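Counting from 0, one number per residue, gives the positions in the sequence shown under numbering that gives the first Met the number 0. Have a look at the structure below, then the notes.
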Amino acid sequence: MVIDQSWYQVSAVLNPDLPTEISAGGIVVRGEAGRIYLALIEEGPDRPGFVLPKGHVDPGETIEQAARREIAEEAGLSELQLIADLGVRERLNLSKTAWKKIYYFLFTTEQVEGVPTDLYKSYQLHWFALEKLPRLFWPEQRNWWNLTGL
């Protein structure tokens, strides 16, 4: 599957019948030997490429709490220091049945190993040096490096 600009062109404002989903996630980085490494998630064989950890916001959670929980569930990383609120990105969800607002945060960690806790998906944590990043599934996630100054 190729994600193209059609995922970014329809909004809930233009189509009021389209439900809105709120998600939160993060860019998690760590330093080692003078290099910066980024945590990316491999979601399994049915989803090629890598993604930033993110997911839905549970009732009663703040956006930041949801981002931390999703990072722990998908990457197994829980020792996080918040650096910045990076704002929101908007697009259609994978099935194009809802308009998705995704709030991202920048975190640092010294934690290297992570065991994902999500019981329903087989996430796998990978660390990549910024200069050797693989293909990311969602285009909006590829654009963060310029905005964060990493």
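By construction, the Cβ of each residue, glycine as well, lies at the ideal position given by its N, Cα and C atoms. Since this is a predicted model, take the numbers as computed values, not measurements.
Just the Cα atoms here: how many angstroms apart are L146 and I26?
-> Because L146 carries a pLDDT of 47, less than 50, the predicted location of this residue cannot be relied on, and the following value inherits that uncertainty. Approximately 12 Å, taken between the alpha carbons.
Starting from Q110, trace the alpha helix (DSSP H) both ways and give me its first and last residue.
-> No alpha helix (DSSP H) contains Q110, which DSSP labels as neither H nor E.
If you draw a straight line from the C-alpha of E31 to the C-alpha of E42, how long is it?
-> 25 Å
Opening and closing residue of the beta strand (DSSP E) in which A83 lies | Q80 to L91
Assign V114 to buried or exposed, taking buried as 16 or more other Cβ atoms, counted over all protein chains shown, within 10 Å of its Cβ.
-> exposed
In the DSSP assignment, find the beta strand (DSSP E) that holds E31 and state where it starts and stops.
-> T19 to E31
Taking the alpha helix (DSSP H) that E69 falls in, what are its first and last residues?
-> I62 to A74
Beta strand (DSSP E) segment containing A128, residue limits = Q123 to A128
Spell out whether any CB of chain D is found under 9 Å from the CB atom of G75.
-> The structure shown contains no chain D, having only a single protein chain.
Cβ neighbours of A128 in the same chain (closer than 6 Å, five flanking residues each side left out) = R34 and Y36
Who are E41's beta bridge partners in DSSP?
-> F49 and Q123
Ignore the nearest five residues each way along the sequence and tell me which others in E72's own chain have a CB closer than 6 Å to its CB.
-> T116 and D117
Roughly how many whole angstroms lie between the Cα atoms of I82 and S94?
-> 32 Å
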